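Enquirer: Chains as they are written, first to last, in my numbering: chain R, 1 to 267; chain P, 268 to 500.
In this text, a Cβ means the ideal position worked out from N, Cα and C, and glycines have one as well.
This one's a predicted model, so the numbers in the text were calculated from it and none came from an experiment.
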Amino acid sequence: MNVEISDLTRRFGRTEAVAGVSLETGPGVFGLLGPNGAGKTSLLRMMATVLPPTSGRLRLLGRDPGSFRPRREIRRRLGYLPQSLGYYPGFTVAEFVEYFALLKEMPPGQVPRAVATTLEQVGLGDKARAKLRTLSGGMLRRAGIAQAIVNQPELLLLDEPTAGLDPEQRVAFRALLRDLGQRATVVVSTHLVEDVGAACTEVALMERGKIVFHGSPAELIARGEDTAAAGDAPLERGYSAALAMARSATPTPAVTKAPTVTKAPPA
Amino acid sequence: MNGTDAGPPDVDLDRVWLGVAAQVWRRQPGWLERAAGRLLRSPGLARALVITPSLLPGWLIATGVVLVAGLLATRGTGTPYVPLVAPAVAGAGVAYAYGPGTDPAWELSRSMAVSDRMVLLVRALAVFGLNAGLGLAASAASGTAVAITFGWLVPMTAVCALALAAATVSQSSDVGVAAGMAGWVITVLGARVASGRLIAAVADARLVLPYLVFAAACGAVAWYATRIPRGNT
Chain R
1 MNVEISDLTR RFGRTEAVAG VSLETGPGVF GLLGPNGAGK TSLLRMMATV
51 LPPTSGRLRL LGRDPGSFRP RREIRRRLGY LPQSLGYYPG FTVAEFVEYF
101 ALLKEMPPGQ VPRAVATTLE QVGLGDKARA KLRTLSGGML RRAGIAQAIV
151 NQPELLLLDE PTAGLDPEQR VAFRALLRDL GQRATVVVST HLVEDVGAAC
201 TEVALMERGK IVFHGSPAEL IARGEDTAAA GDAPLERGYS AALAMARSAT
251 PTPAVTKAPT VTKAPPA
Chain P
268 MNGTDAGPPD VDLDRVWLGV AAQVWRRQPG WLERAAGRLL RSPGLARALV
318 ITPSLLPGWL IATGVVLVAG LLATRGTGTP YVPLVAPAVA GAGVAYAYGP
368 GTDPAWELSR SMAVSDRMVL LVRALAVFGL NAGLGLAASA ASGTAVAITF
418 GWLVPMTAVC ALALAAATVS QSSDVGVAAG MAGWVITVLG ARVASGRLIA
468 AVADARLVLP YLVFAAACGA VAWYATRIPR GNT
């Protein structure tokens with residue numbers, strides 16, 4: 001298992017952003033869905049070792065991120081795209097990706113080729129020497145994705161990766177996600193349900209800091225069948241139904257077991 | 268030409284192109300970055316150092332202008348203004364060396380193998396060293412007494428440590444600058460009221476030990492504020 005989380009919480013003052021999340025996942029593309037303020041970004045930031053948990057157990061790539069050396073090893077094998085990624089306006093695209101490759105402690109001799117490969121992968125080869133300040137929002141997002149995957153991470157965490165991408169780019173990006181998910185654990189936080197349906201093998205739905213659904217996209221779709229849940233597509237109806245069930249006062253078996261999940265306690 | 272449209276069958280053009288692109292797109296680090304990389308044994312840390320916001324040309328020019336103004340004022344009035352101005356300038360530079368709002372990709376940098384605490388330390392030391400050098404040059408050029416020329420280095424250390432501690436605890440460079448400036452102004456005015464001399468804050472040898480103790484305490488606070496707590500296992 002590349003991600004092992006048990007009863008993880010994170011508080012900001014009196015607000016509990018993440019309230020006892022438990023999940024385990026291995027290679028594949030894992031979708032993290034939920035409304036704004038559900039705790040997706042806080043969970044992702046803890047998995048990125050940027051934010052320490054308030055309590056609970058977190059193991060990434062078989063290591064404990066609470067200690068210096070294991071945390072450094074995790075970070076060498078990690079790719080992270082934050083929701084709001086800052087850019088150095090004077091950097092070229094290639095310089096930007098190279099900078100983070102160096103900060104990930106990739107062997108310097110391997111960096112130029114890794115940068116070139118990654119830029120071609122995200123379709124920015126023709127913009128490699130363009131300054132970041134000259135790029136569109138979608139291109140900047142792709143530059144962000146490039147820095148996340150430049151080290152061929154074993155654990156890739158993407159927060160709203162398709163924001164700003166046009167439909168054609170999103171289709172290409174989903175194909176890239178599926179490819180990356182063959183060998184790495186890819187966790188994608190998104191509010192775009194169609195991204196999950198197209199790319200994810202596993203999905204979790206968060207609400208008020210808890211995971212209220214955990215299963216396959218097909219299982220989420222099944223939640224919306226024969227209900228009056230809102231949504232234009234089956235997955236959207238499943239999302240709405242699962243969310244409505246979680247919000248109702250009646251206690252429900254909120255977590256289902258996905259094929260690759262070995263531990264999924266009730267939310 | 269007829270019959271020459273296909274290349275040799277064993278040539279992978281994509282692979283060749285990536286090799287070419289890797290060479291064309293690669294950045295050649297300057298001598299300073301190469302030297303820093305050798306010294307720090309980390310090309311990533313060296314790159315992080317040379318893009319320190321308060322070491323960029325615009326900031327250095329502004330620092331130079333302030334110190335030259337202090338130098339001219341010192342020569343014109345006979346009052347040593349450079350030692351009074353230099354600690355505040357250095358404190359601001361240290362506070363703006365690294366942090367949210369200062370470094371564009373700060374959030375991302377915190378997830379990197381090269382620790383952000385190390386980046387902060389290296390940048391803060393570099394800014395401190397450069398400001399000390401510039402301040403000493405300006406102070407020496409202004410023709411003040413030797414005791415005053417070097418006397419402000421210890422207060423400058425305390426002001427920088429205060430700015431760094433405030434910036435790391437609050438996670439705001441602006442708060443760090445405000446704390447450093449306010450602390451220094453209060454110290455200068457307090458020393459003047461107590462002794463009747465404007466320059467007392469940098470010229471009074473009895474203040475050296477309190478400055479050093481205060482700087483050490485602020486350094487400890489900054490170190491504590493930048494730790495990643497254990498206990499998440």
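Buried or exposed: which applies to residue 292/P, given that a residue is buried once 16 or more other Cβ atoms fall within 10 Å of its Cβ?
Expert: Burial call: buried.
Enquirer: Classify residue 284/P: buried if its beta carbon has 16 or more other beta carbons within 10 angstroms, exposed otherwise.
Expert: It is exposed - the Cβ of residue 284/P has fewer than 16 other Cβ atoms within 10 Å.
Enquirer: Using the Cβ count rule (16 or more neighbours within 10 Å means buried), how would you classify residue 453/P?
Expert: Exposed, by the Cβ-count rule.
Enquirer: Does any residue of chain R bring its CB to less than 7 Å from the CB of residue 379/P?
Expert: Residue 379/P counts as touching chain R.
Enquirer: Over what stretch of residues does the beta strand (DSSP E) that includes residue 17/R continue unbroken?
Expert: Element bounds for residue 17/R: 15-25.
Enquirer: Would residue 300/P pass as an interface residue toward chain R - the criterion being a Cβ-Cβ separation below 7 Å?
Expert: So, not an interface residue.
Enquirer: Whole angstroms is fine: what's the gap from residue 220/R's alpha carbon to residue 235/R's?
Expert: Near 7 Å, if we compare the C-alpha coordinates of residue 235/R and residue 220/R.
Enquirer: Here's the rule: buried if 16 or more other CB atoms are within 10 angstroms of the residue's CB, otherwise exposed. What is residue 476/P?
Expert: Exposed, because fewer than 16 other Cβ atoms sit within 10 Å of the Cβ of residue 476/P.
Enquirer: Please list, in chain order, the residues of the stretch 276-296 of chain P that have any C-beta partner in chain R closer than 9 Å.
Expert: Against chain R - using a Cβ distance shorter than 9 Å - the residues of the stretch 276-296 of chain P are 281, 284, 285, 286, 287, 288, 289, 290, 291, 292, 293, 294.
Enquirer: Once DSSP output is grouped into helix, strand and coil, what is the label at residue 73/R?
Expert: Reduced to three states, the DSSP call for residue 73/R is helix.
Enquirer: Of the choices 199/R, 183/R, 184/R, whose alpha-carbon is the least far from that of residue 190/R?
Expert: Taking only the C-alpha atoms, the option nearest residue 190/R is 199/R.
Enquirer: What's the call for residue 298/P, buried or exposed, on a 16-neighbour Cβ count within 10 Å?
Expert: Label assigned to residue 298/P: exposed.
Enquirer: Which bits of chain R does residue 376/P rub up against, with CB to CB less than 8 Å?
Expert: 103, listed in chain order.
Enquirer: Since residue 79/R and residue 151/R are thought to touch, with beta carbons under 8 Å apart, how far apart are those beta carbons, to the nearest angstrom?
Expert: At roughly 7 Å, the Cβ-Cβ gap stays under 8 Å, so residue 79/R and residue 151/R are in contact.
Enquirer: Below 7 Å on C-beta distance, what does residue 311/P contact in chain R?
Expert: Those are 102, 103, 105, listed as they occur along chain R.
Enquirer: Does the stretch 364-372 of chain P come into contact with the stretch 74-91 of chain R, if we say contact requires no fewer than three beta-carbon pairs (one atom in each stretch) closer than 8 Å?
Expert: At 8 Å Cβ cutoff, the stretches touch.
Enquirer: How is the beta strand (DSSP E) around residue 80/R delimited, first residue to last?
Expert: Per DSSP, residue 80/R belongs to the beta strand (DSSP E) from 78-81.
Enquirer: By how many angstroms is the C-alpha of residue 335/P removed from the C-alpha of residue 52/R?
Expert: About 45 Å.
Enquirer: Which residues, in order along the stretch 119-133 of chain R, keep a beta-carbon less than 9 Å from a beta-carbon of chain P?
Expert: The stretch 119-133 of chain R vs chain P, Cβ under 9 Å: 119, 120, 125, 128, 129.
Enquirer: Determine the closest residue to residue 148/R out of 129/R, 243/R, 180/R, with distance taken between C-alpha atoms.
Expert: The candidate whose alpha carbon is nearest that of residue 148/R is 180/R.
Enquirer: Starting from residue 85/R, find everything on chain P with Cβ-Cβ shorter than 8 Å and list it in chain order.
Expert: Chain P residues near residue 85/R: 372, 374, 375.
Enquirer: Throw me the rounded Cβ distance for the residue 145/R and residue 161/R pair, which I believe falls under 8 Å.
Expert: With 8 Å as the limit, residue 145/R and residue 161/R qualify as a contact, their Cβ atoms being about 6 Å apart.
Enquirer: How many angstroms separate the CA atom of residue 488/P from the CA atom of residue 222/R?
Expert: Answer to the nearest angstrom: the Cα atoms are 54 Å apart.
Enquirer: Looking at the secondary structure, which residues open and close the alpha helix (DSSP H) in which residue 12/R lies?
Expert: Looking at the DSSP string, residue 12/R is not in any alpha helix (DSSP H); the run it does join, the beta strand (DSSP E), is 3-12.
Enquirer: Residues of chain B with a CB under 8 Å from the CB of residue 50/R: which are they?
Expert: The structure shown contains no chain B; its protein chains are R and P.
Enquirer: From the beta carbon of residue 314/P, is the nearest beta carbon of chain R less than 7 Å away?
Expert: Yes, residue 314/P counts as interfacial toward chain R.
Enquirer: What is the DSSP secondary structure of residue 154/R, reduced to helix, strand or coil?
Expert: Looking at residue 154/R - three-state DSSP - the assignment turns out to be coil, as it is neither helix nor strand.
Enquirer: Residues of chain P with CB closer than 7 Å to the CB of residue 185/R, please, in chain order.
Expert: Ordered by position in chain P, no residue passes the 7 Å Cβ test against residue 185/R, which lies about 15 Å from the chain.
Enquirer: Would you say residue 154/R faces chain P, with C-beta separation under 7 Å as the test?
Expert: Cβ-Cβ to chain P under 7 Å: no for residue 154/R.
Enquirer: Do you know whose CA, among 128/R, 108/R, 106/R, 34/R, lies nearest residue 116/R's CA?
Expert: Comparing Cα-Cα distances from residue 116/R to each of 128/R, 108/R, 106/R, 34/R, the minimum goes to 128/R.
Enquirer: Using a Cβ-Cβ cut-off of 7 Å (strictly less than) and excluding sequence neighbours within five positions of residue 456/P, which residues of its own chain qualify?
Expert: Excluding residues within five positions, none has a Cβ falling inside 7 Å.
Enquirer: Can you pull the chain R residues whose beta carbon is under 9 Å from the beta carbon of residue 318/P, in chain order?
Expert: Here the neighbours are 88, 90, 91, 99.
Enquirer: According to DSSP, is residue 91/R part of a helix, a strand, or is it coil?
Expert: Coil at residue 91/R, not helix or strand.
Enquirer: Within 7 Å of any Cβ in chain P, is that where the Cβ of residue 117/R sits?
Expert: Cβ-Cβ to chain P under 7 Å: yes for residue 117/R.
Enquirer: Should residue 14/R be flagged as near chain P, meaning a C-beta pair shorter than 7 Å?
Expert: It does not: the Cβ of residue 14/R has no partner Cβ on chain P nearer than 7 Å.
Enquirer: Would you mind reading off the limits of the alpha helix (DSSP H) that contains residue 120/R?
Expert: Residues 111-121.
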